[in-house]
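Student:
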Amino acid sequence: MRQNHYLVIGGSGEAGQSAITCLKEKDPSAYIITSTTTNEPVSNADLTFFDKSATQGLSKKIQEDLQNHKIQPNFKAIIYTPALGEVGFPIIESTPKQIEDTLGISFYPLLELEETFNPELSVAYSAFYWLSHTLSFYGSMGIAKYKGDLWALANPQKRKIVRAGTFFSKSVRGISIVLQRTMKKTNNPDLLTLKSRYENSDQKFLDFFLSYAWEHEKESFQKQFETPYRPTEREDLGRGLGLALDSTEPIVTVLGDWTWKETELPQVPSWFKQF
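Count along the sequence shown from 1, then add 20; that gives the number in the numbering used here.
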């Protein structure tokens with residue numbers, strides 16, 4: 021049986037692990053190569069490339085490792101999961117430097133990999149960055165997600181976005197830590213509301229933050245569905261990827277049990293265009 025090669029960038033994280041599981045289940049011939057920033061082999065992958073940070077030059081380093089293993093880089097799909105940037109303040113307040121630093125990790129290496137390897141399909145991950153609560157704290161990460169949507173819409177045959185609801189992960193924990201710190205000195209009305217609600221909640225901040233995000237997701241989308249809202253879990257990301265691999269639409273969204281596909285940019289505030 022001919023093997024289909026897949027490249028998962030960031031295989032040890034929540035999105036990466038869900039992607040590997042999905043690919044193994046969906047394609048019995050899948051040979052999964054993954055990268056990690058550590059020296060530990062990634063669970064369930066066939067081959068791990070170590071010490072690979074999502075920075076400029078990533079594709080060249082991947083290329084060198086492929087040559088060392090005598091592997092032809094004919095990828096059925098590249099799955100790109102890294103997402104790191106400054107958060108804890110309104111998206112609209114992102115500075116040019118913050119945006120460039122975030123894109124340098126969360127977006128530019130994806131463009132580089134796509135150009136170097138020309139896979140059949142490239143897949144990245146996104147979020148509901150335009151909802152009222154995320155507009156107030158998602159910072160420069162919101163710009164990266166916006167750019168990702170535009171990227172997929174520009175070439176939907178070869179590019180896909182998996183948009184997922186908020187779920188517990190190291191990334192969400194990190195956002196909550198930064199947000200709890202910045203809330204103490206903010207004048208932003210949305211963040212002040214968040215702060216006030218937290219102080220009256222009797223919850224640990226991470227638990228409060230997750231509940232707050234889930235409440236906004238439910239409020240924004242429940243009216244479109246008959247089935248009740250439930251928070252998103254890691255397994256839902258795998259469902260989203262499985263659908264994206266076969267989808268003609270560029271964006272597949274998974275939010276708990278709910279699934280839908282999109283062919284145009286969400287209704288984001290007009291000021292996003294300045295970025």
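Just so it is clear, CB atoms sit at the ideal spot from N, CA and C, and this is done for glycine as well.
#1: In terms of residue numbering, what span does the beta strand (DSSP E) encompassing Asn-25 cover?
#2: Does DSSP put Ser-221 in a helix, a strand or coil?
#3: In whole angstroms, what is the alpha-carbon distance linking Gln-83 and Glu-269?
#4: Using the beta-carbon count (16 or more within 10 Å), is Gly-159 buried or exposed?
#5: Sorted by chain position, which residues of the same chain lie with C-beta nearer than 8 Å to Thr-279's C-beta, five sequence neighbours on each side aside?
#6: Taking the straight line between their C-alpha atoms, what separation do you get for Ser-73 and Ala-147?
#7: What are the boundary residues of the beta strand (DSSP E) that Thr-205 is part of?
#8: So, helix, strand or coil for Gln-273, using DSSP?
#9: Please identify the residue among Trp-171, Glu-120 and Gln-118 whose C-alpha is closest to the C-alpha of Val-143.
#10: Going by C-alpha distance, which of Trp-150, Phe-157 and Asp-227 is nearest Asn-207?
#11: What does DSSP give as the partner residues of Phe-70 in its beta bridges?
#12: Can you have a look at Ala-174 and say buried or exposed, based on whether 16 or more other CB atoms are within 10 angstroms of its CB?
Tutor: Short version:
#1: Within the sequence shown, the letter at position 5 stands for residue 25. It should be noted that the sequence gives His, not Asn, for residue 25. Taken as a continuous stretch (DSSP letters only), the beta strand (DSSP E) holding His-25 covers 24-29.
#2: Within the sequence shown, numbered from 1, the residue matching residue 221 stands at position 201. Correct three-state label for Ser-221: coil.
#3: Numbered from its first residue, the sequence shown carries residue 83 at position 63. Numbered from its first residue, the sequence shown carries residue 269 at position 249. Roughly 30 Å separates the two Cα atoms.
#4: Reading the sequence shown from its first residue, position 139 is the one you call residue 159. Counting Cβ neighbours within 10 Å, Gly-159 comes out buried, since at least 16 surround it.
#5: Position 259 of the sequence shown, counted from the first residue, corresponds to residue 279. Around Thr-279: Arg-259, Gly-260, Leu-263, Val-272 and Thr-273.
#6: Sequence index remark: in the sequence shown, residue 73 carries index 53 (1-based). Sequence index remark: in the sequence shown, residue 147 carries index 127 (1-based). Straight through space, the alpha carbons of Ala-147 and Ser-73 are spaced by roughly 22 Å.
#7: For the purposes of this step, residue 205 is taken as residue 185 along the sequence shown, with counting starting at 1. Checking the displayed sequence, the identity of residue 205 turns out to be Lys instead of Thr. In this chain, Lys-205 is not harboured by any beta strand (DSSP E), its DSSP state being neither H nor E.
#8: Taking the first residue of the sequence shown as 1, we reach residue 273 at position 253. According to the sequence shown, residue 273 is Thr rather than Gln. Looking at Thr-273 - three-state DSSP - the assignment turns out to be strand.
#9: As a working note, residue 143 is residue 123 in the sequence shown. When Trp-171, Glu-120 and Gln-118 are compared, the shortest CA-CA separation from Val-143 is found for Trp-171.
#10: Your numbering for residue 207 matches position 187 in the sequence shown. Checking every option, the nearest Cα to that of Asn-207 belongs to Phe-157.
#11: Counting from 1 along the sequence shown, the entry for residue 70 is found at position 50. Looking at the DSSP assignment, Phe-70 forms no beta bridge with any residue, so it has no partner.
#12: Here residue 174 refers to the residue found at position 154 of the sequence shown. Answer is exposed; the Cβ neighbour count stays below 16.
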